[in-house]
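When we follow my numbering, the leftmost residue of the sequence shown carries the number 10, and every step to the right adds one. Notes follow once the structure below has been shown.
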Amino acid sequence: MQDKAPVVLVTGASRGAGRGIAIGLGAHGCTVYVTGRSEKAGDATLPGTIYETAEAVTAVGGQGIAVRCDHGDDRDVEALFEQIRREQGRLDLLVNNAASIYDELTHPGHFWEKPLKLADIINVGVRSSYVASWLAAPMMVEQGKGLIVFTSGSGAVHYVYGPGYGAHKAGVDKMAADMAVDFKGSGVATLSVWMGALLTDRLQMVMDSDPMKYAYLKDTVETPEFTGHIIWALLNDPKIAELSGQTVIGAEMARTYRLLDQGGRQPPSPRDTAGIAPHVQHPRIIR
Numbered sequence: 010m011q012d013k014a015p016v017v018l019v020t021g022a023s024r025g026a027g028r029g030i031a032i033g034l035g036a037h038g039c040t041v042y043v044t045g046r047s048e049k050a051g052d053a054t055l056p057g058t059i060y061e062t063a064e065a066v067t068a069v070g071g072q073g074i075a076v077r078c079d080h081g082d083d084r085d086v087e088a089l090f091e092q093i094r095r096e097q098g099r100l101d102l103l104v105n106n107a108a109s110i111y112d113e114l115t116h117p118g119h120f121w122e123k124p125l126k127l128a129d130i131i132n133v134g135v136r137s138s139y140v141a142s143w144l145a146a147p148m149m150v151e152q153g154k155g156l157i158v159f160t161s162g163s164g165a166v167h168y169v170y171g172p173g174y175g176a177h178k179a180g181v182d183k184m185a186a187d188m189a190v191d192f193k194g195s196g197v198a199t200l201s202v203w204m205g206a207l208l209t210d211r212l213q214m215v216m217d218s219d220p221m222k223y224a225y226l227k228d229t230v231e232t233p234e235f236t237g238h239i240i241w242a243l244l245n246d247p248k249i250a251e252l253s254g255q256t257v258i259g260a261e262m263a264r265t266y267r268l269l270d271q272g273g274r275q276p277p278s279p280r281d282t283a284g285i286a287p288h289v290q291h292p293r294i295i296r
């Protein structure tokens, strides 16, 4: 367990997975910096702002700190990390969750028939996770301890919504693996966590659009807060170094740590339901 309340940064936390993760970590008393661009209603097509998330974190027992940050602008991100260092002097956990997701992602059609803006997930998704990790690394190495988590999903190894989405998931899984090589011996660990289908406002909207098509999700969805509790367990695992670099399935880690989702549910793993599992990194290293 941590001696002091851990200092956490959850990127892209106005809504969805990021919001749930931030609240889940707040319930364990963490100081949570929540970032995003949404500051007021109407800033995005879906509800949620960084201030609402920060207030929710504080309401469950943590300390929520909202910081407006465009993760597509390196200057914004640099200022964010300078603020965390100035105010806290350390960073214990970085959750790379920010990603450019548009409504058109789930629309029918081939990738060339959808707007080119869907490629933005390569910038705010893959590149932004690299940038945040690059800025977090010196602080964590200096303190000799830290955890960097990438939120991912099974779309890393099978088709989901198109090549942009898949490239994002596969990309962050690979970054977790390769960053662990560079962090070895530093006390800093990296993990990519596959989340299941999350019952967010966006997914609810998709499910409502075709109830028959998406009926199968009813018994498999996870609450966004569930991943926050899983990450908390990982952060406090004394054997976290042995997991560093791996892509883990959140539902399977929940079983390991004996965690249940809301209502006492044990969400299924895609390994069990569809035979889908993360790729395993080959141990060869070329420098």
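No residue lacks a Cβ here, since even glycine has one placed at the ideal position from N, Cα and C.
Simplified DSSP state of Asp101, which is helix, strand or coil: DSSP places Asp101 in coil when its eight states are reduced to three.
Sequence-distant residues of the same chain with beta carbon closer than 8 Å to Thr229, five excluded per side: Within its own chain, the residues whose Cβ lies closer than 8 Å to the Cβ of Thr229, once the five positions on either side in sequence are excluded, are Gly205, Ala206, Pro276, Pro277, Thr282, listed in chain order.
Close-in-space but distant-in-sequence residues of the same chain around Ala128 (CB under 6 Å, 5 per side omitted): The answer, listed in chain order, is Gly173.
Contact under 9 Å by Cβ, Gly196 with Gly254: Taking 9 Å as the Cβ cut-off, Gly196 and Gly254 do not qualify as a contacting pair.
Any C-beta of chain D under 9 Å from that of Thr160: Among the chains in the structure shown there is no chain D, since it carries only a single protein chain.
Residues near His116 in its chain [Cβ-Cβ closer than 6 Å; skip 5 each side]: Closer than 6 Å at the Cβ level, and outside the excluded window around His116, lies no residue.
Three-pair Cβ contact test at 8 Å for the stretch 225-242 versus the stretch 259-271: Counting Cβ pairs under 8 Å, three or more are found: they touch.
C-alpha gap between Val17 and Ala165, whole angstroms: Approximately 25 Å, taken between the alpha carbons.
Whole-angstrom C-beta distance between Ser137 and Gly81, which should lie under 8 Å: With a Cβ gap of about 7 Å, Gly81 and Ser137 count as contacting.
Three-state secondary structure assigned by DSSP to Ala75: DSSP, read as helix, strand or coil, puts Ala75 in strand.
Alpha-carbon spacing of Arg95 relative to Met148, whole angstroms: The straight-line gap from Cα to Cα measures roughly 12 Å.
Beta-ladder partner(s) of Glu231, from DSSP: For Glu231, which the question treats as bridged, DSSP gives the partners Leu207.
Given Arg24 as reference, the closest of Glu61, Pro287, Phe192, Leu102 once Cα atoms are compared: A check of alpha carbon separations from Arg24 across Glu61, Pro287, Phe192, Leu102 identifies Glu61 as the nearest.
With 16 other Cβ atoms within 10 Å as the buried cut-off, status of Lys289: According to the sequence provided, residue 289 is Val. The question's Lys does not apply to it. Exposed, by the Cβ-count rule.
Gly27 beta carbon less than 9 Å from that of Val43: In this structure, Val43 lies near Gly27, with their beta-carbon atoms less than 9 Å apart.
Arg274 - DSSP class collapsed to helix/strand/coil: DSSP places Arg274 within a strand segment (E or B) once states are collapsed to three.
Beta-carbon contacts of Lys49 that lie in its chain and below 8 Å, excluding the five residues immediately before and after: The answer, listed in chain order, is Thr58.
Simplified DSSP assignment, three categories, for Ala135: According to the sequence displayed, residue 135 carries Val and not Ala. In this structure, Val135 counts as helix in the three-state DSSP scheme.
At least three beta-carbon pairs within less than 8 Å, the stretch 30-41 to the stretch 65-72: The stretch 30-41 vs the stretch 65-72: in contact.
Between the CA atoms of Gln92 and Ile285 - distance to the nearest angstrom: Straight-line spacing of the CA atoms in Ile285 and Gln92 works out to 40 Å.
Buried versus exposed call for Ser109 [16 or more other C-beta atoms within 10 Å across all chains shown]: The C-beta of Ser109 has 16 or more other C-beta atoms within 10 Å across all chains shown, which makes the residue buried.
Separation of Lys123 from Ile240, as counted between CA atoms: Distance between the alpha carbons of Ile240 and Lys123 is about 34 Å.
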